[in-house]
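S.K.: Input: one structure, supplied below.
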Amino acid sequence: MKPLWKRAYDWVDERVELGGLVEFMGKKYVPVHRHSVWYYFGGVSLFLFILQVITGILLLMYYKSGEEQAFESVQFITSKVQFGWLIRSIHSWTANLFILAAFIHMFSVYFTKAYKNPREITWVTGMLMFFLALFFGFSGYLLPWNELAFFATKVGTDIAGAIPIIGKPMLVFLRGGEEVTGATLSRMFGIHIAILPGIFTVLLSIHLLLVQRQGMSEPTHFGDETKGEMKTMPFFPNFLLRDLLLWLLVLNVIAILAVIFPWELGRKADAFGSAPAGIKPEWYFLFMFQTLKYIPAKISIIDGEVLGILAFGVAGMLWTLVPFWDRQSERGGRGRFVTYVGIVAVLFIILLTIVGWLS
Amino acid sequence: MTNDVEQGGEQEGRRDFLKYVLGGGLLAWSAAVLYPIFAFLKPPKQAEVEVTSVKAGKVSAIEKDSGMIVRFGNKPVILIRGADGDFRALSATCTHLDCTVQYRKDMGLIWCACHNGRYDLNGRNIAGPPPRPLEEYRVIVQDDDVMISRKV
Chain A
1 MKPLWKRAYD
11 WVDERVELGG
21 LVEFMGKKYV
31 PVHRHSVWYY
41 FGGVSLFLFI
51 LQVITGILLL
61 MYYKSGEEQA
71 FESVQFITSK
81 VQFGWLIRSI
91 HSWTANLFIL
101 AAFIHMFSVY
111 FTKAYKNPRE
121 ITWVTGMLMF
131 FLALFFGFSG
141 YLLPWNELAF
151 FATKVGTDIA
161 GAIPIIGKPM
171 LVFLRGGEEV
181 TGATLSRMFG
191 IHIAILPGIF
201 TVLLSIHLLL
211 VQRQGMSEPT
221 HFGDETKGEM
231 KTMPFFPNFL
241 LRDLLLWLLV
251 LNVIAILAVI
261 FPWELGRKAD
271 AFGSAPAGIK
281 PEWYFLFMFQ
291 TLKYIPAKIS
301 IIDGEVLGIL
311 AFGVAGMLWT
321 LVPFWDRQSE
331 RGGRGRFVTY
341 VGIVAVLFII
351 LLTIVGWLS
Chain B
1 MTNDVEQGGE
11 QEGRRDFLKY
21 VLGGGLLAWS
31 AAVLYPIFAF
41 LKPPKQAEVE
51 VTSVKAGKVS
61 AIEKDSGMIV
71 RFGNKPVILI
81 RGADGDFRAL
91 SATCTHLDCT
101 VQYRKDMGLI
111 WCACHNGRYD
121 LNGRNIAGPP
131 PRPLEEYRVI
141 VQDDDVMISR
151 KV
């Protein structure tokens, strides 16, 4: 008699032919070279996203949307619900680390030119997920309905409103009216827990399917470095087990952070209170926020703010479309121009984030 | 032969006709589906009671050299009582990015915490990013009551 798990496998295999899939997994190899470490950041981002889904669903069991209840329900979660403080702190910490991991993943793919043919779609879906991650952060930030979140949302939506033509309708759409009110909270809640996860899941599926289907990219000059000798590691189980070990470490780090530095709730939002001193956006918006401060209020007839927003929009678009204009790497060159652009972008982001943090 | 070609041409014409009818129909159908969705997302205009003046408080209860935020309809207004005891009222919504300003005793001016915008006590933008001055409101003192109303 075959063991039960074997019989269960055979039962499924007979119906959906798992054989091909198993064979495919068995033949998948991950290149081993001095840049291999970057391969792990995609997996870490994925793990952090899964953590967000789990802790997010848990928080949903107690969270109440609405001006009169949101702050109180988060207070209830962190003070009354068993381990509520932990779940909420993990959700907040993971949100930040997720964006950090996505940043690292994106830049490593950018600098190794892994986006080039045939992986353009993987890159574009990744970039779209990155923008969604920022929107996830922005919409989730308001949900506890505290003072900082209230003004951050006012400023953020006001910036969106400055965009010519589509700005005003977008502001009204995001706020659910002219002002930031309970209607805004309802919208952000719906966006955060239904719209964004839905779109994100579709993009993530495409992204992961392509990674599996096309295999890991090798850096452009892989051949030169190893003189044609390609060291590899089987994806299953070697790479996957390393991935899982790293996930375990990441979860431990998050648990430690959440325990030692629990996320603050602050004071309840008051639509008729002044903005508190020392208010700042989340760190991942800080560099844009700081740049906007340096642009003069008016540049000839155009609002400085509008110009800054448009510049960031164009930069983001060009960044997303890099596989389509980077002809140099496509032809097998080192793509030095793209590398320099990337270095400038990284330095710009780090420098302005630090300046914004200190000011 | 000629008959065939004619027939072919006729068929082509019919096919094109069908293509336009079906394509146009699909387009109209999409619009009929999408329009209600977009219309739904647009928040309805809510009837607001037009506020022309509000009672901010009692003269005796407001300290000299202080500022407070007063609810004026659904907008915040900042009421400042100067060191000389005079009242002035200005819109409390920063003209830069919509934050709510506050009175800073130590600086003797109006300050926005979000981006370090500064206004003098007449609401003129004197430093930082604000592009326009704060809108002025009229303050009327009746006996002991401080009333704020819109400037006409």
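Which chain is which? The protein sequence lines are A and B, in order.
For the first sequence, position 206 matches number 206 in this note's numbering, and the numbering has no gaps at all.
For the second sequence, position 4 matches number 4 in this note's numbering, and the numbering has no gaps at all.
Here a beta-carbon is modelled for each residue, glycine too, at the ideal position from N, C-alpha and C.
Computed from a predicted structure; not experimentally measured.
Indicate the three-state DSSP secondary structure (helix, strand or coil) for A/Lys168 in the structure shown.
M.R.: Helix, per DSSP.
S.K.: For A/Leu210, which of A/Gly182, A/Trp263, A/Ile349, A/Thr122 has the nearest alpha-carbon?
M.R.: Measuring from the Cα of A/Leu210, the nearest candidate turns out to be A/Thr122.
S.K.: Tell me, please, which residues DSSP counts as bridged to B/Ala127.
M.R.: B/Ala127 pairs with B/Arg118.
S.K.: Where are the alpha helix (DSSP H) runs, 4 residues long or more, that stay fully inside the segment 26-73 of chain B, in chain order?
M.R.: None, since the segment 26-73 of chain B contains no complete alpha helix (DSSP H) of that length.
S.K.: Quick one: using the 10 Å Cβ neighbour count with 16 as the cut-off for buried, is B/Arg14 buried or exposed?
M.R.: The residue is exposed, with fewer than 16 neighbouring Cβ atoms inside 10 Å.
S.K.: Compute the beta-carbon to beta-carbon distance between A/Ile309 and A/Ile159, rounded to the nearest angstrom, for a pair I have assumed lies under 8 Å.
M.R.: Yes, A/Ile309 and A/Ile159 are in contact; Cβ-Cβ is about 6 Å, under 8 Å.
S.K.: Once you ignore the five residues that flank A/Ile90 on each side, which residues in its own chain have a CB closer than 8 Å to its CB?
M.R.: Around A/Ile90: Leu51, Thr55, Ile254, Ala255, Ala258.
S.K.: Under three-state DSSP, which class holds A/Asp10?
M.R.: Looking at A/Asp10 - three-state DSSP - the assignment turns out to be helix.
S.K.: Could you spell out the range, first to last residue, of the alpha helix (DSSP H) harbouring A/Met317?
M.R.: Where A/Met317 is concerned, the enclosing alpha helix (DSSP H) stretches over 304-320.
S.K.: Return the first residue and the last residue of the beta strand (DSSP E) that B/Lys75 is part of.
M.R.: Unbroken beta strand (DSSP E) run through B/Lys75: 75-81.
S.K.: Which residue comes first and which comes last in the alpha helix (DSSP H) that contains A/Thr201?
M.R.: First-last of the alpha helix (DSSP H) with A/Thr201: 196-214.
S.K.: Show which residues of chain A have a CB atom less than 9 Å away from the CB atom of B/Pro131.
M.R.: Going along chain A in sequence order, the residues near B/Pro131 (Cβ under 9 Å) are Ala297, Lys298, Asp303, Gly304, Glu305.
S.K.: Looking at A/Phe151: is its Cβ nearer than 8 Å to the Cβ of B/Cys114?
M.R.: Cβ atoms of A/Phe151 and B/Cys114: closer than 8 Å.
S.K.: For the beta strand (DSSP E) holding B/Ala89, just list the boundary residues, first then last.
M.R.: Start and end: 87-91.
S.K.: Buried or exposed for B/Gly117, going by 16 or more other Cβ atoms inside 10 Å?
M.R.: With 16 or more Cβ atoms within 10 Å of its Cβ, B/Gly117 is classed as buried.
S.K.: Which of the residues in the segment 68-88 of chain B, read from start to end, lie with their CB under 7 Å from any CB of chain A?
M.R.: Cβ contacts with chain A: Ile69, Arg71, Asn74, Pro76.
S.K.: Quick one: using the 10 Å Cβ neighbour count with 16 as the cut-off for buried, is A/Phe98 buried or exposed?
M.R.: A/Phe98 should be labelled buried.
S.K.: Are there any heavy atoms of the ligand HEM lying less than 7 Å away from the beta-carbon of A/Leu240, as far as the coordinates show?
M.R.: The ligand HEM is not part of the structure shown, which contains no ligands of any sort.
S.K.: Establish whether the CB of A/Val355 and some CB of chain B are separated by less than 8 Å.
M.R.: No, because no Cβ of chain B sits closer than 8 Å to the Cβ of A/Val355.
S.K.: Alpha carbon to alpha carbon, how far is A/Asp303 from A/Leu292?
M.R.: One C-alpha to the other measures close to 11 Å.
S.K.: Please go through the same chain and pick out, in chain order, the residues whose beta-carbon is closer than 6 Å to the beta-carbon of A/Asp10, but skip the five residues on each side of it.
M.R.: Counting only Cβ-Cβ distances below 6 Å, and skipping sequence neighbours, we find nothing.
S.K.: List the residues of chain A that B/Asp98 touches, going by C-beta distances under 7 Å, in chain order.
M.R.: Near B/Asp98 (Cβ distances below 7 Å), the residues of chain A are Lys154, Val155, Asp158.
S.K.: Sort A/Trp283, A/Gly19, A/Ala271 by Cα distance to A/Ser92 and report the nearest one.
M.R.: Out of A/Trp283, A/Gly19, A/Ala271, A/Trp283 has the C-alpha closest to the C-alpha of A/Ser92.
S.K.: Quick check on B/Met1: does DSSP put it in helix, strand or coil?
M.R.: For B/Met1, the predicted model reports a pLDDT of 48, less than 50, meaning its position is unreliable; a value from the coordinates is still stated below. If DSSP states are grouped into helix, strand and coil, B/Met1 belongs with coil.
S.K.: Find the residues of chain A that neighbour B/Pro36, judging by a C-beta separation of less than 9 Å, and give them in chain order.
M.R.: The contacting residues do not exist; B/Pro36 stays about 15 Å from chain A at best.
S.K.: Under a CB-based cut-off of 8 Å, is B/Gln11 close to chain A?
M.R.: Chain A contact via Cβ: absent.
S.K.: Since B/Val101 meets chain A, which of its residues come closer than 8 Å, beta carbon to beta carbon?
M.R.: By Cβ distance, chain A contributes Ser274, Ala275.
S.K.: Take every Cβ of the segment 159-168 of chain A, pair it with every Cβ of the segment 130-146 of chain A, and state whether three or more of those distances are shorter than 8 Å.
M.R.: Too few Cβ pairs lie closer than 8 Å, so no.
S.K.: Quick one: what's got a C-beta closer than 7 Å to B/Met1's C-beta in the same chain, skipping five residues either side?
M.R.: Model confidence at B/Met1 stands at a pLDDT of 48, short of 50, so the residue's coordinates are unreliable; what they give is reported in the following sentence. There are no such residues.
S.K.: Does the beta carbon of B/Met1 sit closer than 8 Å to a beta carbon anywhere in chain A?
M.R.: The predicted position of B/Met1 is uncertain, since its pLDDT is 48 and thus under 50; a value taken from the coordinates is nonetheless stated next. It does not; no Cβ of chain A falls within 8 Å.
S.K.: Residues of chain A with a CB under 9 Å from the CB of B/Ala180: which are they?
M.R.: Beyond the ends of chain B as shown, which are 1 and 152, falls residue 180 of chain B; an answer cannot be given.
S.K.: B/Glu10 by DSSP, collapsed to three states: which one?
M.R.: Note: B/Glu10 maps to helix in three-state DSSP.
S.K.: Whole angstroms are fine: how far does the CA of B/Asn74 sit from the CA of B/Glu50?
M.R.: If I take the Cα positions, the gap works out to 10 Å.
S.K.: Can you tell me whether DSSP reads B/Asp16 as helix, strand or coil?
M.R.: Three-state DSSP puts B/Asp16 in a helix.
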